[in-house]
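J.: Below: one structure in structure tokens.
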Amino acid sequence: MDLLNKNTEKLASQLERLNIKKFCLTGAGNSLMSGYSAIFKTVPLFKRNPYLTAIFSKHNIEIIATHFARIQNNNDEHIHDYFQNNISEREMYRYNRIDTLKPDTPVVDMTADEIDKYYPKNPIPNRHFKDLVLTREEGRSNILVYIGATGSFLDNITRDGFPKIISGFKRDYISISAILKEIQSSNRYNDTNTQVYLVGIPRYMGLQITDILINGHLKEIAENYANVTYVEPIKAQLFYGSKPDVHLNAEEYLNLNNSIMKSIDDNYIAVMAKIEIDRFLFNLNKTIETLVRETVDNDAEDKISIMSEIAERRITEFLNGTIDKYISLMAAENKDISKFLQETKMYINDRFPYDFYYVGKENVNQLIIR
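Here it is as structure tokens:
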């Protein structure tokens, strides 16, 4: 509890210094995000953080914490559909109320009043999933926390999917990537600045089985996007007394909240910078490609010269302004600048042949070698 208090305070303090006035914390994905337990009381994940509202309010930041997650029927293709169709809180809560009544997902000690509190029939305001994640507004920060990759696997086990069990993971990775692609595309084309925190599945009994089966793939997926951060998994018991449960107890859910708060605090400025670098290079690449292809009468040497001159000038301006600004912010907040530079270099090099080719390798190296 003390760590959760400390890291929630650290995050809110940092966001206040960054002039954030509204913090939209949206959760999506599987039953861990829904805060479900087959043995203990079910409470939505962010609702388990007792400090969230009070601490952000103290720092004059309005916090909007919402959950687009279900106890069951939560494979990632369904979550992708909810995102694409901009599902409302009212509709999502209707699914959650249905889930609490199903005999295969019993809720423990959850009263009718608590069901109405967490999943109201007519929430006011009735916000929508995609709007929360992608709305642009001065002084607003949009964060999507995503916990997934288990829904299809569990569907196969519990819904006559044998022998297609392990393939369920791959099915979920495809839909997770589809959501992340759309958000990055919005950041590039619509000047949104949405960050995503992709959370690893717990290490049950401290073992690394989930790292091998799931988390290594999630980490690779996260590295494909400038705005996505992989959140290291927490440890979970799996057996509580004589009862097994792949979900968490109250203390473990607090640890999960703490891990998320700490990851956002540690990475927030670096991800802001990576989003802006990605957008800058993507748009510069488009500009140069168009110019080069329009100069059809020029020979190859002329085209290369045009590319190099434009890119070098623009990158120098960008280095002296935007990048230095973010490095100064990270230094002021005592964040890991070398980690940021290393991750940015790896991301740009990986993306270079697909998204940044016309900027030129030499010019890109100028940007990433500091």
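This note's numbering puts the sequence shown at residues 995 to 1364. For every residue, glycine included, the Cβ atom is placed at its ideal position computed from N, Cα and C.
(1) Using only the alpha-carbon positions, how far apart do residue 1000 and residue 1136 sit?
(2) Contact between the segment 1068–1087 and the segment 1044–1058: three or more CB pairs below 8 Å?
(3) Which residue from 1049, 1050, 1076, 1069 puts its Cα closest to that of residue 1062?
(4) To the nearest angstrom, how far is the alpha carbon of residue 1321 from that of residue 1215?
(5) Are the beta-carbon atoms belonging to residue 1221 and residue 1272 less than 9 Å from one another?
(6) DSSP three-state label for residue 1251, please.
(7) Please check the pair residue 1127 and residue 1193, which I expect to be a contact at CB under 8 Å, by giving their CB distance rounded to whole angstroms.
(8) Using the C-alpha atoms, what's the distance from residue 1130 back to residue 1276?
(9) I'd like to confirm the pairing. Which residues does DSSP put opposite residue 1136 in its beta bridges?
(10) Three-state secondary structure (DSSP) at residue 1056?
(11) Tell me the DSSP bridge mates of residue 1229?
(12) Could you tell me whether the segment 1223–1238 touches the segment 1169–1176, where touching means 3 or more Cβ pairs closer than 8 Å?
(13) Answer with buried or exposed for residue 1268, where buried requires no fewer than 16 other C-beta atoms within 10 angstroms of its C-beta.
(14) Let's test the definition: count the other Cβ atoms within 10 Å of the Cβ of residue 1332 and tell me whether it reaches 16, buried, or not, exposed.
(15) Give the DSSP-derived three-state secondary structure of residue 1045 in the structure shown.
(16) Do residue 1114 and residue 1087 have their C-beta atoms within less than 9 Å of each other?
(17) What is the residue span of the alpha helix (DSSP H) that residue 1086 lies within?
(18) On the three-state DSSP scale, how would you describe residue 1286?
(19) Which residues in the same chain have their Cβ closer than 8 Å to the Cβ of residue 1313, if we skip the five residues on either side of it in sequence?
(20) Do residue 1020 and residue 1123 have their CB atoms nearer than 9 Å?
(21) Measuring straight from C-alpha to C-alpha, what distance separates residue 1213 and residue 1064?
(22) How many angstroms separate the CA atom of residue 1338 from the CA atom of residue 1356?
(23) From residue 1048 to residue 1017, what distance separates their C-alpha atoms?
(24) Between the Cα of residue 1274 and those of 1100, 1239, 1349, spot the shortest distance and give me the residue it belongs to.
(25) Specify, as a first and last residue, the run of the alpha helix (DSSP H) that residue 998 falls within.
(26) Got a sec? Which residues, its chain only, sit under 6 Å from residue 1237 by beta carbon, not counting five neighbours each side?
(27) Does DSSP classify residue 1115 as helix, strand or coil?
(28) What residues in its chain sit with their C-beta under 7 Å from that of residue 988, if we drop five residues either side in the sequence?
(29) If we count the other Cβ atoms within 10 Å of its Cβ and call it buried at 16 or more, is residue 1311 buried or exposed?
(30) Have a look at the DSSP bridge pairing and note the partners of residue 1122.
T.: Taking the geometry as given:
(1) 21 Å
(2) no
(3) 1076
(4) 26 Å
(5) yes
(6) helix
(7) That belief does not hold up - the Cβ atoms of residue 1127 and residue 1193 are roughly 16 Å apart, past 8 Å.
(8) 20 Å
(9) 1018
(10) strand
(11) 1197
(12) no
(13) buried
(14) exposed
(15) coil
(16) yes
(17) 1083–1095
(18) helix
(19) 1360, 1361
(20) yes
(21) 23 Å
(22) 16 Å
(23) 13 Å
(24) 1349
(25) 996–1011
(26) 1033
(27) coil
(28) Residue 988 is absent from the model: the chain starts at 995 and stops at 1364.
(29) exposed
(30) 1082
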